[in-house]
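Residue 55 in the numbering used here is what sits at position 54 of the sequence shown, and the numbering runs on without skipping anything. These notes are about the structure you will find just below.
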Amino acid sequence: MACTHFHVLCLAPWVPVVGLEIHAQISSNSKLFSGSQVQFAAPPNSVVSFFDASLPGTLPVINRRCVEAAVMTGLALNCSINKRSLFDRKHYFYADLPAGYQITQQRVPIAVNGTLSYSLCTDHKMSQMVTKTVRIKQIQLEQDSGKSLHDDSRSQTLVDLNRAGVGLMEVVMEPDMCCGKEAAAAVRELQLILQTLGSSHAVMAEGQLRVDANVSVHHPGEPYGVRTEVKNINSLRFLAKAVDYEIQRQIEELENGGTIPNETRAFDSKLGCTVPMRDKEGRQDYRFMPEPNLPPLILYDTKSLPANINHQQVVNIDRIHERLPDLPSVKRAKLVEQYGILPEHSFTLLNEDGLTEFFESVVKRTQMKPKKVIGWILNDLLSYLNQHSLTVKESPVNSSMLADLLNLLEKKEISSTAAKQVLGELWKGEGKTPLEIVKEKKLELIQDQEALEQICQAVIDGQKNEVMAIKAGNHKVLNKLIGLVQRKTQGRSNPVLVKQLLEKKLLE
Numbered sequence: 002m003a004c005t006h007f008h009v010l011c012l013a014p015w016v017p018v019v020g021l022e023i024h025a026q027i028s029s030n031s032k033l034f035s036g037s038q039v040q041f042a043a044p045p046n047s048v049v050s051f052f053d054a055s056l057p058g059t060l061p062v063i064n065r066r067c068v069e070a071a072v073m074t075g076l077a078l079n080c081s082i083n084k085r086s087l088f089d090r091k092h093y094f095y096a097d098l099p100a101g102y103q104i105t106q107q108r109v110p111i112a113v114n115g116t117l118s119y120s121l122c123t124d125h126k127m128s129q130m131v132t133k134t135v136r137i138k139q140i141q142l143e144q145d146s147g148k149s150l151h152d153d154s155r156s157q158t159l160v161d162l163n164r165a166g167v168g169l170m171e172v173v174m175e176p177d178m179c180c181g182k183e184a185a186a187a188v189r190e191l192q193l194i195l196q197t198l199g200s201s202h203a204v205m206a207e208g209q210l211r212v213d214a215n216v217s218v219h220h221p222g223e224p225y226g227v228r229t230e231v232k233n234i235n236s237l238r239f240l241a242k243a244v245d246y247e248i249q250r251q252i253e254e255l256e257n258g259g260t261i262p263n264e265t266r267a268f269d270s271k272l273g274c275t276v277p278m279r280d281k282e283g284r285q286d287y288r289f290m291p292e293p294n295l296p297p298l299i300l301y302d303t304k305s306l307p308a309n310i311n312h313q314q315v316v317n318i319d320r321i322h323e324r325l326p327d328l329p330s331v332k333r334a335k336l337v338e339q340y341g342i343l344p345e346h347s348f349t350l351l352n353e354d355g356l357t358e359f360f361e362s363v364v365k366r367t368q369m370k371p372k373k374v375i376g377w378i379l380n381d382l383l384s385y386l387n388q389h390s391l392t393v394k395e396s397p398v399n400s401s402m403l404a405d406l407l408n409l410l411e412k413k414e415i416s417s418t419a420a421k422q423v424l425g426e427l428w429k430g431e432g433k434t435p436l437e438i439v440k441e442k443k444l445e446l447i448q449d450q451e452a453l454e455q456i457c458q459a460v461i462d463g464q465k466n467e468v469m470a471i472k473a474g475n476h477k478v479l480n481k482l483i484g485l486v487q488r489k490t491q492g493r494s495n496p497v498l499v500k501q502l503l504e505k506k507l508l509e
């Protein structure tokens, strides 16, 4: 199937509108309404209870942990927590939904009316950051479905119910975004918050965070256009691509006199485009009805808590609020304040799992200033890890090794050129310390100033044109002489000292 890639059209101004529905799998040992284990990659149909399989006579029992996780997430997203929320049945017929309906919260969800602030860079160098806010319409508790596994070679579809009944939080974001970059940045911030709270592992590659994007375009001052929904996007990169593609597809269609049907689409990551799945089901198709087997979910705060009640039997909103950890925005502000790093660097530290801890460990072990340390971590360590598709935890260079290397550099025992050479050796993971590599490769700085003066003099004697240019006032040429000295010493000379010696000799 060929796929057309669209370019931005400027024939008429269009306003893109993007809203998101994010399904986050709750981090819990058991499912939302049954005692079955939650286990990723378990053998098919090995963690399925009678209730998950929807056998007659089985009844749901609410999982306290899932309720607390949803309340904690709602508080972190500045939501109002409903002390009385309701469960509903949402009917639709999939092979991997044995009951023929999903238990969700359509009428009165557990949390409403929140906000999420997120930041994104306005240039490729991340030197300009802008902060935006998206409104959170609601957070609702609901069941996940099972999985249909399609075997094309045998023309069969196999059903795995391990995931059926796993607790989900659906976070509904209002249509306050306008491009793929904003959508991806908002979801990344939500992902960090969920992971900080521990309410969801939110690993997209394992299906623990799935995004549906609602996209439409309209002219300024006109009502919103007909929206399409791009379902089940499982990576931030694909989310940004899917949203931007869909915006341009709709603009192209409307510019050519076509119409946009209200439909569900999927993003084909190989082709880089969205493809139709089915017409959107109207609300009436779901035949929502109150869940008859679950009473209203009642939550309390300290004021409304009845006297002489067993605290283990109720969920106290205030207690959960007291246990909220520092959220990513607070952590970033603390990093900037404590270490004097740039705000954009704090975003990178938090965005990479384990990088903040790595940075702080290096800072504790080295005499180098944090502003210099951050450069080595972002420019050298992170670029290597990205190049080799490694996580921070998989890095062959640990924080202790990097700190030892930076200490050698800070004590002026090696040059920065030599330090990069040592780092290159450390990547090989041969178990050698930075000091051992320095001695083995003879990378120590030349401490004999007299010998260094002789090398400087030899360079001056061999570069008469450059010397004349410097004496005529072109001091930029001095950098060339410094580079020649560095080459002669194989990077073992201190550039600052070399510059001082050259300037002294040239001014004699």
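Yeah, the Cβ is synthetic: ideal placement off N, Cα and C, and Gly gets one too. Just so it is clear, the structure is predicted and the values come from calculations on it, not from any experiment.
| Asked | Found |
| --- | --- |
| Host alpha helix (DSSP H) of Lys232 (start-end) | Looking at the DSSP string, Lys232 is not in any alpha helix (DSSP H); the run it does join, the beta strand (DSSP E), is Thr229 to Ile234. |
| Buried/exposed call for Leu56, threshold 16 Cβ in 10 Å | exposed |
| Local Cβ density within 10 Å of Glu323, reported as buried at 16 or more and exposed below that | exposed |
| Reduced DSSP secondary structure (H/G/I, E/B, other) of Arg284 | Because the pLDDT of Arg284 is 48, which lies under 50, any placement of that residue in the model is unreliable, and the question is left without a value. |
| Touching by the beta-carbon criterion (3+ pairs, under 8 Å), the segment 72-91 and the segment 267-281 | no |
| Opposing strand residues paired with Asn311 [DSSP bridges] | Paired residues: none, contrary to the question. |
| Per-residue burial, Thr229 [other beta carbons within 10 Å of its own, 16 or more giving buried] | buried |
| Bounding residues of the alpha helix (DSSP H) (the contiguous stretch that carries Lys91) | No alpha helix (DSSP H) holds Lys91; the beta strand (DSSP E) holding it covers Asp89 to His92. |
| Terminal residues of the alpha helix (DSSP H) in which His151 lies | Not the alpha helix (DSSP H): His151 falls in the beta strand (DSSP E), residues Lys148 to Asp152. |
| Counted within 10 angstroms of its Cβ, other Cβ atoms place Thr490 as buried (16 or more) or exposed | buried |
| Nonlocal neighbours in the same chain, by C-beta distance under 8 Å from Trp428, ignoring five residues either side | Tyr385, Pro397 and Val398 |
| Lys472 versus Leu502, Val48, Lys500 and Leu507, residue with shortest Cα-Cα distance | Leu507 |
| Asp53 classed as buried or exposed, judged by whether at least 16 other C-beta atoms fall within 10 angstroms | buried |
| Selected residue, minimal CA-CA separation from Ala165, among Pro297, Val39 and Leu444 | Val39 |
| Rounded Cβ spacing between Gly115 and Leu169 (contact assumed at less than 8 Å) | The pair is not a contact, with the Cβ atoms about 17 Å apart (cut-off 8 Å). |
| Reduced DSSP secondary structure (H/G/I, E/B, other) of Arg85 | strand |
| Coarse secondary structure for Tyr225, derived from DSSP in three states | coil |
| Alpha-carbon spacing of Cys11 relative to Glu190, whole angstroms | Because Cys11 sits at a pLDDT of 40, beneath the cut-off of 50, its placement in the model cannot be relied upon, and the following sentence gives the value as read from the coordinates. Cys11 and Glu190: Cα-Cα distance of roughly 31 Å. |
| For Ser217, the residue or residues it bridges with in DSSP | Val18 |
| Met130 (DSSP reduced to helix, strand or coil) | strand |
| Glu22 and Val227 closer than 9 Å at C-beta | no |
| Secondary structure of Asn257, DSSP reduced to three states | coil |
| As assigned by DSSP and simplified to three states, the class of Gln501 | helix |
| Other residues of its chain near Arg284: CB distance less than 7 Å, five sequence neighbours each side excluded | With a pLDDT of 48 at Arg284, under the threshold of 50, the modelled position of this residue cannot be trusted; read the value that follows with caution. Here the set comprises nothing. |
| Residues of its chain near Ser236, where Cβ-Cβ distance is below 7 Å and the 5 sequence neighbours each way are ignored | Met205 |
| Residue closest to Val212, alpha-carbon to alpha-carbon, out of Leu498, Val19 and Glu256 | Val19 |
| Leu142 (DSSP reduced to helix, strand or coil) | strand |
| Sequence ranges, alpha helix (DSSP H) only - wholly within the segment 322-348, length at least 4 | 329-340 |
| Bounding residues of the beta strand (DSSP E) (the contiguous stretch that carries Asn114) | Ala112 to Cys122 |
| Three-state class that DSSP yields for Ala3 in the structure shown | Note that Ala3 scores 49 on pLDDT, short of 50, meaning its location in the model is unreliable; the coordinates nonetheless yield the value given after this. In the structure shown, Ala3 sits in coil (DSSP, three-state: anything other than H, G, I, E or B). |
| Between the CA atoms of Arg493 and Gln487 - distance to the nearest angstrom | 7 Å |
| Reduced DSSP category for Cys11 - H, G, I as helix; E, B as strand; rest coil | Here Cys11 scores only 40 on pLDDT, less than 50, and its place in the model should not be relied on; the value that follows carries that caveat. Cys11: coil per DSSP, three-state reduction. |
| Tyr119 burial status per 10 Å Cβ neighbour count (16 or more: buried) | buried |
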